[in-house]
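Notes to accompany the following structure.
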Amino acid sequence: MTAAAADRGSFRDPGSRIFSDGGRILRAIMPPAASAYEAARDSGLIADLVGRRSLLASEERDPACLGLEAAPAYVLEHPRLPFVSYPYEWGFALLRRAALHHLDVQLDALAAGFALSDASAYNIQFVGPRPVFIDHGSFRPYVEGEPWIGHRQFCMQFLNPLLLWSRRGVAANGWFRGSLEGIAPEELAPLLSWRDNLSWTVLTHVTGQAALQRRANSGRLNGGKARAPRLSRPAFEAILTGLRGFIARCRLRDEKTVWRDYAQDNSYAGAEAAAKRAFVAEMAAKVRPRLLFDFGCNSGDYARAALDAGAGSVVGFDADHGALERAVGRADAEALDFLPLWLDAANPSPAQGWAEAERKGLGERGRADALLALAFVHHLAIGRNVPLAMVVDWLVGMAPVGIVEFPPKSDPMVRRLLAARPDIFADYDEAAFLAAVGVRARLVRTRHLSPGGRLLAWYDRG
Amino acid sequence: MKNRRLKLAALFAVFAALEAPAYAYLDGATGSMLLQAAIGGIATWLMYSRMFAARVRGFFSRAPAEAEAADEAK
Numbered sequence: 012m013t014a015a016a017a018d019r020g021s022f023r024d025p026g027s028r029i030f031s032d033g034g035r036i037l038r039a040i041m042p043p044a045a046s047a048y049e050a051a052r053d054s055g056l057i058a059d060l061v062g063r064r065s066l067l068a069s070e071e072r073d074p075a076c077l078g079l080e081a082a083p084a085y086v087l088e089h090p091r092l093p094f095v096s097y098p099y100e101w102g103f104a105l106l107r108r109a110a111l112h113h114l115d116v117q118l119d120a121l122a123a124g125f126a127l128s129d130a131s132a133y134n135i136q137f138v139g140p141r142p143v144f145i146d147h148g149s150f151r152p153y154v155e156g157e158p159w160i161g162h163r164q165f166c167m168q169f170l171n172p173l174l175l176w177s178r179r180g181v182a183a184n185g186w187f188r189g190s191l192e193g194i195a196p197e198e199l200a201p202l203l204s205w206r207d208n209l210s211w212t213v214l215t216h217v218t219g220q221a222a223l224q225r226r227a228n229s230g231r232l233n234g235g236k237a238r239a240p241r242l243s244r245p246a247f248e249a250i251l252t253g254l255r256g257f258i259a260r261c262r263l264r265d266e267k268t269v270w271r272d273y274a275q276d277n278s279y280a281g282a283e284a285a286a287k288r289a290f291v292a293e294m295a296a297k298v299r300p301r302l303l304f305d306f307g308c309n310s311g312d313y314a315r316a317a318l319d320a321g322a323g324s325v326v327g328f329d330a331d332h333g334a335l336e337r338a339v340g341r342a343d344a345e346a347l348d349f350l351p352l353w354l355d356a357a358n359p360s361p362a363q364g365w366a367e368a369e370r371k372g373l374g375e376r377g378r379a380d381a382l383l384a385l386a387f388v389h390h391l392a393i394g395r396n397v398p399l400a401m402v403v404d405w406l407v408g409m410a411p412v413g414i415v416e417f418p419p420k421s422d423p424m425v426r427r428l429l430a431a432r433p434d435i436f437a438d439y440d441e442a443a444f445l446a447a448v449g450v451r452a453r454l455v456r457t458r459h460l461s462p463g464g465r466l467l468a469w470y471d472r473g
Numbered sequence: 140m141k142n143r144r145l146k147l148a149a150l151f152a153v154f155a156a157l158e159a160p161a162y163a164y165l166d167g168a169t170g171s172m173l174l175q176a177a178i179g180g181i182a183t184w185l186m187y188s189r190m191f192a193a194r195v196r197g198f199f200s201r202a203p204a205e206a207e208a209a210d211e212a213k
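Shown next as structure tokens:
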């Protein structure tokens, strides 16, 4: 018997649950869900979606291998993803991409005679910037006339956050992180203007749905005879394709500016940048990390250098949405295995949801083999008053090997941070930085980018 | 504003008598179910109109070379 552990975030669907066994990821399909899985498998839908890389691959294993008291009908093994991310960590481009991917999977399934049992954004993951659907337990035979069961969930987890972003210019990450089910139509509707409601999609899926839901909540729709609303198959398909077209056209207000900046960034040059790239490349070539974290990734210049030198995949983190959009553009344009995510490093994604374990904190998901933290520590140590030693401690704890850059107080970017506030950071200097690294790891090498200027420190905990 | 109220009033007229059940393990929510029943027909009409418009546009926007090739193939 193995010691497979149930994933604490996989419990909502009693028919399909995830277990981990060492490094293996296993899905138990329970007997009540077996016939739906068999139908999807035997129709060729699963193989077709896996073949097109829309759906995560799977292989059937011995159902007894999990050693569960209530034996599953099937056990599937999935390849382990480099990193599990959550929708509240995605920038606009990734959330839009995930929404379109969900709709594409729905449409493909419907064409094959299947429907999805939910529309959870957490069922989409990213491999580099490419979305992949991960829930093999979601497919069930479509019943003619049934409504779209996941419609409200789709609106809350995809459409509404995208609308908040594109129509009101407000990034949805903070709200989404605080409300894991997403943004309800009743919450978004009061924030939209009458102009927003000139759109058929907004008028119906947000304002109309909110009005109906409020009416239902007040009990004014509960007096009549119970009967199931019927939705014909062409109407189901029309709603899906209508939403797909709308979301594909959804833009950030300043999206063009962002892309222009990417083109400018692409010609990023300079002696210091070249020296940094060389240092990063040297570390990546020696360590060959399967997964590398890049804190303060910006548009991904050094992620690219690490990948070129031998890193398997890079997950980048930045708090600047413009930088994240440019980074996604770079990952696409240069076909990089690079996933840029939104993160406020002073307040990283926590463990939360049911029993504070449904969604894992950043540290619990982190299995990085190496990290980069370039032009990063001053934002925490000076911008957010986190003592330098604590910043170094947190970073060195995230990966066994890495490069951390220290910009001194004379650096123009640090001077800018200090310009409007008193300098209360007596311990912020190079000697203190090197001492903080030295007590936690071995210093493999250091390099100044200019005399008395920024310092790169390559550490190794081993 | 008046136009918007009229549209919403029309939607409510359709929704008023409907009642939604719960499906599977996920509560579909009443508002969502009623909305789908109400807009399904219009959404279908919009989809077919768009497909028809795209075909018409496609017919008139055929590149000359492509049109010649198509004619020759006949």
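Chains as they are written, first to last, in my numbering: chain A, 12 to 473; chain B, 140 to 213.
In this text, a Cβ means the ideal position worked out from N, Cα and C, and glycines have one as well.
These figures come from a predicted structure and were not determined experimentally.
Between PHE137(A) and LEU350(A), the beta carbon gap of about 5 Å places them in contact (Cβ cut-off 8 Å).
Those residues of the segment 142-164 of chain A placed with their C-beta closer than 9 Å to a C-beta in chain B are ARG151, GLU157, PRO158, TRP159, ILE160, GLY161, HIS162, ARG163, GLN164, ordered along the chain.
A buried status is given to SER131(A), since no fewer than 16 other beta-carbon atoms sit within 10 Å of its beta-carbon.
The beta-bridge partner set that DSSP reports for TRP159(A) is empty. Going by DSSP, VAL407(A) is part of the alpha helix (DSSP H) stretching over 399-409. In this structure, the CA atom of GLY55(A) is about 21 Å from the CA atom of PRO74(A).
Excluding the 5 residues flanking it on each side, VAL448(A) has same chain C-beta neighbours closer than 8 Å at VAL403, VAL407, VAL415, LEU454, ALA468, TYR470, in chain order.
With respect to GLU70(A), LEU87(A) sits close: the two C-beta atoms are nearer than 9 Å. Scanning its chain for C-beta atoms nearer than 8 Å, with the 5 sequence neighbours on each side dropped, one finds around ARG315(A) the residues ARG341, GLU345, LEU347, PHE349, in chain order.
Looking at the backbone, the Cα of LEU242(A) and that of ARG225(A) are separated by about 22 Å.
Only buried fits PRO196(A), as 16 or more other CB atoms lie within 10 angstroms of its CB. Among the residues of chain B, those whose CB is under 9 Å from the CB of SER243(A) are GLY179, GLY180, THR183, following chain order. The straight-line gap separating the alpha-carbon atoms of ILE181(B) and SER171(B) is approximately 16 Å.
Contact check for LEU302(A) against PHE94(A) passes: the beta carbons are separated by less than 9 Å. Secondary structure of TRP184(B) (DSSP, three-state): helix. Taking a Cβ-Cβ cut-off of 8 Å, ILE135(A) has no neighbours in chain B, whose nearest Cβ is about 17 Å from it. Straight-line spacing of the CA atoms in GLY311(A) and ALA338(A) works out to 5 Å. Nothing from the segment 190-201 of chain B brings a Cβ to less than 8 Å from some Cβ of chain A. Our two residues, TYR153(A) and GLY62(A), have alpha carbons roughly 22 Å apart in a direct line. Here the alpha carbon of SER200(B) sits roughly 22 Å from the alpha carbon of GLY256(A). Taking LEU373(A) as the centre and dropping the five residues before and after it, the same chain places the C-beta of PRO359, SER360 closer than 6 Å to its C-beta, in chain order. GLY323(A) and GLN220(A) have their C-alpha atoms spaced approximately 45 Å apart. The beta carbon of GLY327(A) does not come within 9 Å of any beta carbon belonging to chain B, so the residue lies off that interface.
When the beta-carbon positions are compared, GLY463(A) and LEU385(A) stay at least 9 Å from each other.
Within 7 Å of the CB of GLN224(A), the CB atoms of chain B belong to ALA168, THR169, GLY170, in sequence order along the chain.
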